[in-house]
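Residue numbers (the numbering used here): 2 to 445.
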Amino acid sequence: MTNPSYALSSSLFRRESWFVVLGAMLLLTLQFQTTPAPIEVQIIPLTSLLALAFIPFVVFEIRRSPLLIAVSLFVGFAIVHSLVLLIIDLAAGEPELRFFSWLRQCAALLAGFAVFLVVRETMQHLTDRSITRYIILGSLPAIFLAILNILWGGLKMQWVGEIVSGVRSFIAPLGYTAPLRASGFSQEPATFAAVIVIVLFPILFYMYEVKYPGWRTFTYFGLVTLAFVWTFSVVGVLLFLSLVGVGVILGPRRAFFGKVGVVSLALLIGGLILIPSNQILRHGRSLLQGQSNVSFIDRFYGTFGPFMMSFETFTVFGYGLGGTVSHFTEVLPEDVQDAVASVKWKELPNLSTLIGRIYAETGAVGFALFVTALVVAMWEFRKIVSRPRPPDQIAFLHASRLGLLLAMIGSAVTLGSFHMPYLWLWLAIVDARFLQSIPGNTSA
């Protein structure tokens with residue numbers, strides 16, 4: 002006869018192992034921002050697709066937390082609000098494309114929400130070092146592809162270029178591929194640089210804090226830095242400067258971040274001098290000469306344009322998920338509409354940043370709910386670190402806060418879709434550690 006306590010222990014072990022596997026799969030796929038699919042969609046993050054598939058395995062394990070409530074309120078409001086606006090638009094004679102756009106954005110939002118739900122549950126069964134290990138392992142293919150990109154562009158090794166182009170044409174057929182700018186497995190160099198800064202650099206900070214084996218940390222840091230530099234991304238530089246600024250202002254290790262900033266600035270200047278024909282200098286020259294820069298216009302007005310139109314149109318009330326397709330001319334100032342539209346899909350023009358999109362599509366109320374969720378996440382962080390913890394855990398929590406703040410900033414400069422997993426990732430990790438800090442929690 003089977004011992005009941007043994008059967009229970011075996012069941013718990015299988016459950017624990019299953020959650021570890023699910024969590025590992027999500028972390029290992031973070032770099033795959035695009036996925037080959039039979040539909041014409043530029044960005045289909047593999048992590049988000051897996052999270053949707055994994056929802057049935059965690060749905061009955063979900064426990065309430067302040068952050069879960071805040072995020073759920075935002076998601077629920079966005080969907081209900083958008084459904085009302087969709088009905089109004091269709092009744093007013095908007096084409097079927099409006100419904101298609103709404104469907105796409107609802108799917109994107111639900112995919113992002115799925116990332117949050119699945120990650121917050123599975124991360125409770127993974128240690129900080131396990132999370133670090135899986136993120137590093139998952140990043141290696143993209144970093145290796147970027148190193149090949151350097152050999153292609155820097156050393157003119159055309160056969161290597163054929164490998165890079167072949168891999169990219171399969172993984173990201175609609176993405177940007179060029180010898181002098183690395184994109185990894187992302188859509189374009191700017192988003193690849195953003196992923197490196199938002200996800201990998203905080204992990205590197207944690208590795209430094211807990212004194213991971215020196216040669217491994219040094220080697221990984223060198224490879225990641227080379228990949229980041231070869232993106233030649235203005236957005237990447239802005240995010241990196243934000244990382245240094247956040248580190249200096251909030252700490253810990255303010256002096257460390259200050260030194261990193263000085264050394265990085267010196268290396269950046271040296272790199273720009275050695276390789277003068279790069280995207281950063283081209284953007285800089287155009288701005289200094291007063292020339293129109295479509296990339297800058299797209300990102301700046303993608304974030305601030307909807308706020309500028311608050312009282313000239315109905316943007317303050319929001320046009321619903323996918324509503325920017327039908328109301329594109331109402332969410333941006335007239336003098337920049339043509340420039341922004343020139344770098345968008347003709348049929349589905351959208352805003353380039355998540356902050357601008359949230360305000361334009363959910364209005365002031367939805368934006369306030371979104372900001373509330375971010376504030377609650379920071380409140381949870383403060384609650385966790387206020388309790389006595391081992392130094393290793395404190396270091397990981399500070400790395401998580403760094404990643405979360407960078408993801409917030411990234412949402413204002415480059416991350417433009419709800420189903421990009423990086424903001425949801427750090428929100429979920431903070432919430433997972435908050436749940437673990439509650440007395441009586443038995444998760445690992």
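No residue lacks a Cβ here, since even glycine has one placed at the ideal position from N, Cα and C.
As the structure is a computational prediction, the values presented were derived from the model and not from experiment.
So for residue i, helix, strand or coil by DSSP?
{"i": "Arg182", "result": "strand"}
{"i": "Lys260", "result": "helix"}
{"i": "Glu95", "result": "coil"}
{"i": "Ser10", "result": "Note that Ser10 scores 49 on pLDDT, short of 50, meaning its location in the model is unreliable; the coordinates nonetheless yield the value given after this. In this structure, Ser10 counts as helix in the three-state DSSP scheme."}
{"i": "Gln188", "result": "coil"}
{"i": "Met421", "result": "coil"}
{"i": "Gln338", "result": "helix"}
{"i": "Ile132", "result": "helix"}
{"i": "Asn150", "result": "helix"}
{"i": "Glu62", "result": "coil"}
{"i": "Trp216", "result": "helix"}
{"i": "Leu44", "result": "According to the sequence displayed, residue 44 carries Ile and not Leu. Coil, per DSSP."}
{"i": "His82", "result": "helix"}
{"i": "Trp231", "result": "coil"}
{"i": "Gln34", "result": "coil"}
{"i": "Pro253", "result": "coil"}
{"i": "Val196", "result": "helix"}
{"i": "Leu156", "result": "coil"}
{"i": "Leu127", "result": "coil"}
{"i": "Pro389", "result": "coil"}
{"i": "Phe117", "result": "helix"}
{"i": "Pro142", "result": "helix"}
{"i": "Val211", "result": "coil"}
{"i": "Leu405", "result": "helix"}
{"i": "Ile172", "result": "helix"}
{"i": "Ser243", "result": "helix"}
{"i": "Pro440", "result": "coil"}
{"i": "Thr373", "result": "helix"}
{"i": "Leu416", "result": "coil"}
{"i": "Tyr221", "result": "helix"}
{"i": "Ala445", "result": "Confidence at Ala445 is low in this model, with a pLDDT of 45, below 50, so its placement is unreliable and the value that follows should be read with caution. Three-state result, Ala445: coil."}
{"i": "Met2", "result": "Reliability fails at Met2, whose pLDDT of 48 lies under 50, so the model's placement of it is uncertain and no value is given."}
Would the beta-carbon of residue i fall within 8 Å of that of residue j?
{"i": "Leu240", "j": "Val198", "result": "yes"}
{"i": "Pro191", "j": "Thr36", "result": "Correcting the residue identity first, residue 191 is Ala in this sequence and not Pro. Result no, Cβ atoms of Ala191 and Thr36 do not sit closer than 8 Å."}
{"i": "Pro46", "j": "Met421", "result": "yes"}
{"i": "Leu31", "j": "Ile164", "result": "no"}
{"i": "Ala413", "j": "Ala71", "result": "no"}
{"i": "Pro350", "j": "Val326", "result": "yes"}
{"i": "Leu110", "j": "Ala79", "result": "yes"}
{"i": "Ile148", "j": "Leu224", "result": "yes"}
{"i": "Gly303", "j": "Thr354", "result": "yes"}
{"i": "Val236", "j": "Ala194", "result": "yes"}
{"i": "Arg134", "j": "Leu436", "result": "no"}
{"i": "Asp432", "j": "Ser73", "result": "no"}
{"i": "Ile430", "j": "Ser401", "result": "yes"}
{"i": "Pro253", "j": "His399", "result": "yes"}
Would you say the beta carbon of residue i is closer than 7 Å to some non-hydrogen atom of the ligand SAH?
{"i": "Phe233", "result": "The ligand SAH is absent from the structure shown, which contains no ligands of any kind."}
Compute the beta-carbon to beta-carbon distance between residue i and residue j, rounded to the nearest angstrom, for a pair I have assumed lies under 8 Å.
{"i": "Leu138", "j": "Phe202", "result": "So it is not a contact: roughly 17 Å between Cβ atoms."}
{"i": "Gly417", "j": "Leu352", "result": "7 Å"}
{"i": "Ser83", "j": "Glu362", "result": "7 Å"}
{"i": "Phe100", "j": "Leu87", "result": "7 Å"}
{"i": "Phe371", "j": "Phe75", "result": "5 Å"}
{"i": "Val59", "j": "Leu118", "result": "6 Å"}
{"i": "Ile356", "j": "Gly367", "result": "Going by Cβ atoms, the distance from Ile356 to Gly367 rounds to 12 Å, so no, they are not a contact pair."}
{"i": "Gly364", "j": "Gly323", "result": "Not really, about 14 Å apart at Cβ, beyond 8 Å."}
{"i": "Ser187", "j": "Ala112", "result": "Their Cβ separation, rounded to whole angstroms, is 17 Å, which puts Ser187 and Ala112 out of contact at 8 Å."}
{"i": "Val341", "j": "Ile298", "result": "6 Å"}
{"i": "Phe419", "j": "Gln106", "result": "7 Å"}
Stretch-stretch touch, CB-based, cutoff 8 Å, three pairs: the stretch 336 to 344 with the stretch 368 to 387: Judged by Cβ distances under 8 Å, the stretch 336 to 344 makes no contact with the stretch 368 to 387, as fewer than three pairs qualify.
contact_flag[the stretch 114 to 131, the stretch 15 to 29] where n(CB pairs < 8 Å) is 3 or more: yes
Stretch pair the stretch 204 to 215 + the stretch 390 to 410: three plus CB contacts closer than 8 Å: yes
Three CB pairs or more closer than 8 Å across the stretch 227 to 241 and the stretch 424 to 441: no
The stretch 243 to 255 touching the stretch 164 to 173, judged by at least three CB pairs closer than 8 Å: Flag = no, the stretch 243 to 255 and the stretch 164 to 173 do not touch.
Contact between the stretch 174 to 186 and the stretch 147 to 166 (3+ Cβ pairs under 8 Å): yes
Alpha helix (DSSP H) segments (min. 4 residues) lying fully within the stretch 294 to 366: 295 to 309, 329 to 332 and 335 to 342
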